[in-house]
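Right, one structure below, let's go through it.
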């Protein structure tokens, strides 16, 4: 691929991330072409369908996030790097969820693979911060993702003032600090249990399989 073609492709993907991530179904490929500064024919030359463009934008999202996570893993201050990473994931989470909701079918393998690589890297970044003693050892990547996804879903549903979102992020980060651990020191079991706290409830045999989705 020629240099100018590569540059066009990257501009198109960045524009698609913004247009579809911000406006969802209301966005159009014409809007993407206009923002990227290319003709609509150029968009379809790189991405024959709107679906393929959205898929590529999602892969780009996770690739960028993976690069940021790798930087957090090698940062000299693992705790500060983890905090920065969490903020970034929450800021970009709403756009990711909106893009994913536009897929007309299960998330394609490339998206599932890319999102899985990010999650594994986030787990490594979390463990490095925990090794310093500044982050609670009973917090796992599943709890972290649950909190990030919750805030992302909220901001995707309706605009949230920046100051409110910042305070919500601060609450999460404060809760992760070692001095916020419960006095009992009990670890958190995120597995489903019965209401009485007994054995885990097995999934009903007739429950339909969950659709693959990016995390």
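Residue numbers (the working numbering): 1 to 215.
Positions of the beta carbon are idealized from the N, C-alpha and C atoms, including for glycine.
- Burial check for residue 148: the Cβ neighbour count within 10 Å reaches 16 or more, so the residue is buried.
- Around the C-beta of residue 52, fewer than 16 other C-beta atoms lie within 10 Å, and the residue is accordingly described as exposed.
- Contiguous alpha helix (DSSP H) elements confined to the segment 105–190 occur at 109–131, 141–157 and 162–176, taking only those with 4 or more residues.
- Residue 15 has its alpha-carbon roughly 17 Å from the corresponding atom of residue 65.
- If the five residues before and after residue 38 are omitted, its C-beta is found closer than 6 Å to the C-beta atoms of 8, all from its own chain and listed in chain order.
- Counted as a single uninterrupted DSSP element, the alpha helix (DSSP H) harbouring residue 82 occupies residues 78–101.
- Contact check between the segment 123–141 and the segment 172–181: three or more CB pairs, one atom from each, fall below 8 Å, which counts as touching.
- Collapsing the DSSP output to three states places residue 75 in coil.
- Under the three-state reduction of DSSP, residue 49 is assigned to coil, being neither helix nor strand.
- Here residue 63 has 114 as same chain residues with Cβ atoms under 8 Å from its own Cβ, once five neighbours each way along the sequence are excluded.
- In the three-state scheme derived from DSSP, where H, G and I count as helix and E and B as strand, residue 2 is classed as coil.
- When 50, 117 and 128 are compared, the shortest CA-CA separation from residue 61 is found for 117.
- Under the three-state reduction of DSSP, residue 24 is assigned to helix.
- DSSP places residue 38 in the coil class of the three-state scheme, outside both helix and strand.
- Note that the segment 78–92 touches the segment 123–133; at least 3 beta-carbon pairs, one per stretch, sit closer than 8 Å.
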